[in-house]
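Novice: Sequential numbering of the sequence shown, starting at 6, is according to my numbering. Just so you know, even glycine gets a beta-carbon here, dropped at the ideal spot from N, CA and C. Quick one: the structure is below, and I'll ask about it shortly.
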Amino acid sequence: MEKHARIQEESIAKRPAGSLPRIGVIGAGRAGLSLAAALARAGWPLAGVANRNADSTKEAAFLLECPPAKDGAELAGRAEALIIGTPDDAVESVAGGLAESGVVGPAHTLLHLSGAHGPETLAAASRKGAAVGCLHPLRSFPRRDPGIRLAGTFFSLQGDDRALSLGRWMVESVEGTVLEFPAGSGAAERALYHAGAVAASNFTVCMLNLAADLWAAAGLKGQAADEALLELAGGTLENIPRVGFRGALTGPFARGDLDTIRRHLAALDDLRVSTSAPEDQGAGPAGCSSPAGSSGPGGTSRFTGSSGSTGSASETPGYLRSNRLARLYACLAWLALGVAMERGREPGRLAPITAPATGSSLSTAETPASPPNPPVAAGALAPEKAAAVMEVLFAVLGEGEEQAFKSGDETPMGKGSSS
Ligand SMILES: NC(=O)c1ccc[n+]([C@@H]2O[C@H](COP(=O)([O-])OP(=O)(O)OC[C@H]3O[C@@H](n4cnc5c(N)ncnc54)[C@H](OP(=O)(O)O)[C@@H]3O)[C@@H](O)[C@H]2O)c1
6 MEKHARIQEE
16 SIAKRPAGSL
26 PRIGVIGAGR
36 AGLSLAAALA
46 RAGWPLAGVA
56 NRNADSTKEA
66 AFLLECPPAK
76 DGAELAGRAE
86 ALIIGTPDDA
96 VESVAGGLAE
106 SGVVGPAHTL
116 LHLSGAHGPE
126 TLAAASRKGA
136 AVGCLHPLRS
146 FPRRDPGIRL
156 AGTFFSLQGD
166 DRALSLGRWM
176 VESVEGTVLE
186 FPAGSGAAER
196 ALYHAGAVAA
206 SNFTVCMLNL
216 AADLWAAAGL
226 KGQAADEALL
236 ELAGGTLENI
246 PRVGFRGALT
256 GPFARGDLDT
266 IRRHLAALDD
276 LRVSTSAPED
286 QGAGPAGCSS
296 PAGSSGPGGT
306 SRFTGSSGST
316 GSASETPGYL
326 RSNRLARLYA
336 CLAWLALGVA
346 MERGREPGRL
356 APITAPATGS
366 SLSTAETPAS
376 PPNPPVAAGA
386 LAPEKAAAVM
396 EVLFAVLGEG
406 EEQAFKSGDE
416 TPMGKGSSS
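Here's what the structure looks like:
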C-alpha cells in the first residue's frame with residue numbers, strides 16, 4: 006500500500022499545471038466507454054470517440070457527451086491521449102493503422118485496455134515516437150455503463166515512462182490503485198496474469214451459473230433460490246480476507262466426507278443418464294450440444310432465466326449431461342489435499358489462519374507466539390481422508406491421472422513435492 010501511495014504522490018508531483026491531455030477513445034464499448042465516462046467525471050476532456058460502426062459511435066458519443074469521429078486517425082488529430090478499447094485481437098491492427106497513416110507521433114500517448122497483451126502490441130505506434138502502454142482495469146464491465154464508479158478498482162499498468170505517468174494519473178483520478186508487474190515480466194507472465202483475472206471474475210460467474218442450473222435441476226428456482234446462492238457466495242468471499250484463500254475452503258472435501266461426495270457424483274451421473282438425448286449417448290462429446298441451456302427466455306429465475314427443470318433432456322443444460330463436472334470435483338479434491346498436506350508438514354502444530362495485520366494480503370500464518378490469534382475453522386483435512394477423497398475421484402477420472410499422482414509426478418503441492 007505504501008508503494009501505491011508513493012506512486013500516486015509522484016504522479017501528482019508530475020502533473021502539469023496546465024490543462025489535462027485530451028482523450029480520444031477508439032473502441033468505446035463496455036470497458037472503454039465506462040472508463041472514459043469515469044475519467045470525464047474526474048475532469049478529463051473527451052475529444053471524441055470512434056467505434057467500428059457509425060451507429061455505435063453515435064451512441065457512445067451521446068452517452069459520453071463528446072463528439073463522434075469517423076475513425077481513429079481523425080481522433081488522433083484532436084487528442085493527445087488515445088485509449089484503445091477494442092477487443093484484444095484488434096489492438097495491434099488499430100495501432101498499426103494509426104502508425105501507417107502517420108497520424109501518431111511523439112505528441113501522443115496510446116493506452117490499450119487489454120489484460121492479455123502487453124505494451125509491445127502497440128510497437129508500431131512506439132516506432133513513430135508515441136508513448137505506449139497498457140492500462141487494464143481489474144473490473145468486470147458487463148455493459149456500456151457511463152455511470153459506473155471505479156473507485157477502489159485495481160488497474161495493472163505497463164509501458165514506457167510517459168505512458169506509466171499518464172496511466173497513474175488516470176488511475177488516481179478515478180480513485181483506483183495501480184497494480185505493478187514485477188520487473189522483467191514478459192508475454193508469458195502477462196498471459197498468466199490475465200488467466201488469473203479470468204479465473205477470479207469469469208469462473209465465478211460460471212460457477213454460480215452452474216450452481217443455479219443444479220438447483221434448477223432439483224426444482225429449486227426463482228428469486229429466493231438466486232438470493233440464497235448469492236448470499237452463500239458472498240459470505241464465502243467475505244471470509245477470504247480473514248482466513249486466506251485456502252483457509253476459506255469448507256464443505257465435504259475439507260471435512261473428508263466421502264459418502265457425501267459419492268452421493269454428489271452419483272446424482273450427477275443420474276442426471277446425465279436420465280436427461281441425455283438419444284444422440285448424446287454413445288461415442289463423442291456427450292451432452293455438449295447446448296452450452297446455453299440455462300439462458301432461455303420465460304424462466305422464473307431472475308438471473309439465469311432457468312426453467313426449473315427437474316431433468317428433461319430439452320431443458321437440462323448440455324454441460325450437465327456430460328461427465329465433465331467430475332473434473333471440477335477433482336479440482337476441489339486437489340485443493341483440499343494441498344491444504345491438508347501443508348498442515349501435515351508440521352505434525353501436531355496445525356497453523357491457525359490469522360487475519361493479516363494490515364492491508365489485504367492473504368497468508369497462512371505461522372502459529373503466533375503471543376498473544377495467540379484464535380484459530381478459525383480453516384477446513385483442515387486429515388491427509389489420510391484426503392487420500393481417500395482422491396481414490397473416489399480416480400475412479401471417476403481414469404488411470405492416467407491416478408498414475409501421475411501415485412508416482413509422485415503430480416501432487417497438490419506442485420510437481421514432485423511431498424509433505
Ligand atoms: N468488458 C470487460 O469487463 C473488460 C474488463 C477489463 C478490460 N477489458 C478490455 O477492454 C477491451 C474491450 O473489451 P470490451 O469488453 O469493452 O469489448 P466490447 O464491449 O466488445 O467493445 C469493443 C469496442 O471496440 C470497437 N471496435 C472493435 N473493433 C474496432 C476497430 N477496428 N476500430 C475501432 N473500434 C473497434 C467496437 O465497436 P462497435 O461497437 O462498432 O462494434 C466496440 O465498441 C478488451 O481489450 C478487453 O480485454 C474489458
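Going by the beta-carbon positions, is the gap between Ala129 and Ala156 smaller than 8 Å?
Specialist: Start at 1 with the first residue of the sequence shown, and residue 129 comes out as number 124. Start at 1 with the first residue of the sequence shown, and residue 156 comes out as number 151. Cβ distance not < 8 Å, so Ala129 and Ala156 don't count as in contact.
Novice: Can you list, in chain order, the stretches of the alpha helix (DSSP H) that have 4 or more residues and sit fully within the segment 44-98?
Specialist: Runs found: 59-69 and 77-81.
Novice: Would you mind stating whether Gly261 and Val394 have Cβ atoms separated by less than 8 Å?
Specialist: For this step, residue 261 is matched to residue 256 along the sequence shown. For this step, residue 394 is matched to residue 389 along the sequence shown. Yes; because the gap between Cβ atoms is below 8 Å, this pair is in contact.
Novice: In its own chain, which residues sit with a C-beta less than 7 Å from the C-beta of Ala338, not counting the 5 before and 5 after it?
Specialist: Numbered from 1 along the sequence shown, position 333 holds the residue referred to as residue 338. Phe258, Val394, Met395 and Leu398.
Novice: Any contact of the segment 224-234 with the segment 196-208, i.e. 3+ C-beta pairs under 8 Å?
Specialist: Segments in contact, no.
Novice: Ligand 1 and Pro142: does any heavy atom of the ligand fall closer than 7 Å to the residue's C-beta?
Specialist: The residue given as residue 142 occupies position 137 in the sequence shown. It does: the Cβ of Pro142 is within 7 Å (strictly closer) of some heavy atom of ligand 1.
Novice: Using the three-state DSSP reduction, which class does His2 fall into: helix, strand or coil?
Specialist: No answer is possible for residue 2: the residues shown for the chain start at 6 and end at 424.
Novice: What three-state label does DSSP hand Gly5 in the structure shown?
Specialist: The first residue shown for the chain is 6 and the last is 424, placing residue 5 beyond what the model contains.
Novice: Compare the beta carbon distance of Leu51 and Ile89 with 8 Å and say whether it is the shorter of the two.
Specialist: The residue labelled residue 51 in the question sits at position 46 within the sequence shown. The residue labelled residue 89 in the question sits at position 84 within the sequence shown. Going by C-beta atoms, Leu51 is not nearer than 8 Å to Ile89.
Novice: In this structure, how does DSSP classify Ile266 when only helix, strand and coil are distinguished?
Specialist: Stepping through the sequence shown from its first residue, residue 266 is reached at position 261. Looking at Ile266 - three-state DSSP - the assignment turns out to be helix.
Novice: Contact between the segment 54-67 and the segment 117-129: three or more CB pairs below 8 Å?
Specialist: Contact fails: fewer than three Cβ-Cβ distances are below 8 Å.
Novice: Quick check: Ile31 and Gly101, are their CB atoms within less than 8 Å of each other?
Specialist: Numbered from 1 along the sequence shown, position 26 holds the residue referred to as residue 31. Numbered from 1 along the sequence shown, position 96 holds the residue referred to as residue 101. Result no, Cβ atoms of Ile31 and Gly101 do not sit closer than 8 Å.
Novice: In the DSSP assignment, find the beta strand (DSSP E) that holds Pro142 and state where it starts and stops.
Specialist: As a first step, residue 142 is located in the sequence shown; it is residue number 137 there, counting from the start. Counting along the chain, the beta strand (DSSP E) containing Pro142 begins and ends at Ala136 to Pro142.
Novice: Rounded to the nearest angstrom, how far is the Cβ of Gly53 from that of Pro72, given a contact under 8 Å?
Specialist: Counting from one through the sequence shown, the residue named residue 53 turns up at place 48. Counting from one through the sequence shown, the residue named residue 72 turns up at place 67. Between Pro72 and Gly53 the Cβ distance is about 5 Å, and since that is below 8 Å, they are a contact.
Novice: Which class does Ala288 belong to by DSSP, given the choice of helix, strand or coil?
Specialist: Translated into the one-based positions of the sequence shown, residue 288 becomes position 283. Any reading at Ala288 needs caution, since the residue's pLDDT is 36, under 50, leaving its predicted position unreliable; the model's value is listed next. Residue state, collapsed to three classes: coil.
Novice: How would you call Ser24, buried or exposed, if buried means at least 16 neighbouring beta carbons within 10 angstroms?
Specialist: Locating residue 24 in the sequence shown gives position 19, where the first residue counts as 1. Its Cβ having fewer than 16 others within 10 Å, Ser24 is exposed.
Novice: So Leu325 and Asp231 are in contact, right, with Cβ under 8 Å, and what is the actual spacing, rounded?
Specialist: Taking the first residue of the sequence shown as 1, we reach residue 325 at position 320. Taking the first residue of the sequence shown as 1, we reach residue 231 at position 226. No, Leu325 and Asp231 are not in contact; Cβ-Cβ is about 18 Å, not under 8 Å.
Novice: Within 10 Å of its beta-carbon, does Asn1 have 16 or more other beta-carbons around it, so buried, or fewer, so exposed?
Specialist: Because the chain in this structure spans residues 6 to 424, residue 1 falls outside the shown range and cannot be described.
Novice: Going by the DSSP bridge assignment, what does Leu184 pair with across the sheet?
Specialist: Locating residue 184 in the sequence shown gives position 179, where the first residue counts as 1. Answer is Ser161.
Novice: Along the chain, where does the alpha helix (DSSP H) that runs through Gly29 open and close?
Specialist: By one-based count along the sequence shown, residue 29 stands at place 24. Looking at the DSSP string, Gly29 is not in any alpha helix (DSSP H); the run it does join, the beta strand (DSSP E), is Ile28 to Ile31.
Novice: How would you label Gln228, buried or exposed, when you count the other beta carbons within 10 angstroms and need 16 or more for buried?
Specialist: Within the sequence shown, numbered from 1, the residue matching residue 228 stands at position 223. With fewer than 16 Cβ atoms within 10 Å of its Cβ, Gln228 is classed as exposed.
Novice: Does DSSP put Leu118 in a helix, a strand or coil?
Specialist: Working through the sequence shown from its first residue, we reach residue 118 at position 113. In the structure shown, Leu118 sits in coil (DSSP, three-state: anything other than H, G, I, E or B).
Novice: Can you look up Gly239 in the DSSP assignment and give me helix, strand or coil?
Specialist: On the sequence shown, residue 239 is found 234 positions in, with the first residue counted as 1. In this structure, Gly239 counts as helix in the three-state DSSP scheme.
Novice: Do Ala41 and Ala33 have their C-beta atoms within less than 8 Å of each other?
Specialist: Here residue 41 is taken as the residue at index 36 of the sequence shown, counted from 1. Here residue 33 is taken as the residue at index 28 of the sequence shown, counted from 1. Yes, the pair counts as a contact, with Cβ atoms nearer than the cut-off.
Novice: With H, G and I counted as helix, E and B as strand and the rest as coil, what does DSSP make of Ser39?
Specialist: The sequence position of residue 39 within the sequence shown is 34, counting from 1. Ser39 falls in the helix class under three-state DSSP.
Novice: Just checking Pro92 against ligand 1 - is the residue's beta carbon closer than 7 Å to any of the ligand's heavy atoms?
Specialist: In the sequence shown, counting from the first residue as 1, residue 92 sits at position 87. Within the cutoff, so yes.
Novice: Helix, strand or coil for Gly123 per DSSP?
Specialist: Numbered from 1 along the sequence shown, position 118 holds the residue referred to as residue 123. The answer is coil: DSSP assigns Gly123 none of H, G, I, E or B.
Novice: My output table needs one value for Lys390: the three-state DSSP class, helix, strand or coil.
Specialist: Within the sequence shown, the letter at position 385 stands for residue 390. The answer is helix: DSSP assigns Lys390 an H, G or I state.
Novice: Under DSSP, the alpha helix (DSSP H) around Phe258 begins and ends at which residues?
Specialist: Your numbering for residue 258 matches position 253 in the sequence shown. That run of the alpha helix (DSSP H) goes Pro257 to Arg260.
Novice: Quick check on this structure: which residue in Pro92, Leu340, Ala95 and Arg149 has the alpha carbon closest to the alpha carbon of Leu254?
Specialist: Here residue 254 is taken as the residue at index 249 of the sequence shown, counted from 1. Comparing Cα positions, the closest option is Leu340.
Novice: Compute the minimum distance between the beta carbon of Ser145 and the heavy atoms of ligand 1, and state whether it is under 7 Å.
Specialist: In the sequence shown, residue 145 corresponds to position 140, counting from 1. Correct: Ser145 has its Cβ closer than 7 Å to ligand 1.
Novice: Does at least one heavy atom of ligand 1 sit under 7 Å from the Cβ of Asn56?
Specialist: Here residue 56 corresponds to residue number 51 of the sequence shown, with the count starting at 1. Checking every heavy atom of ligand 1 against the Cβ of Asn56, one is found closer than 7 Å.
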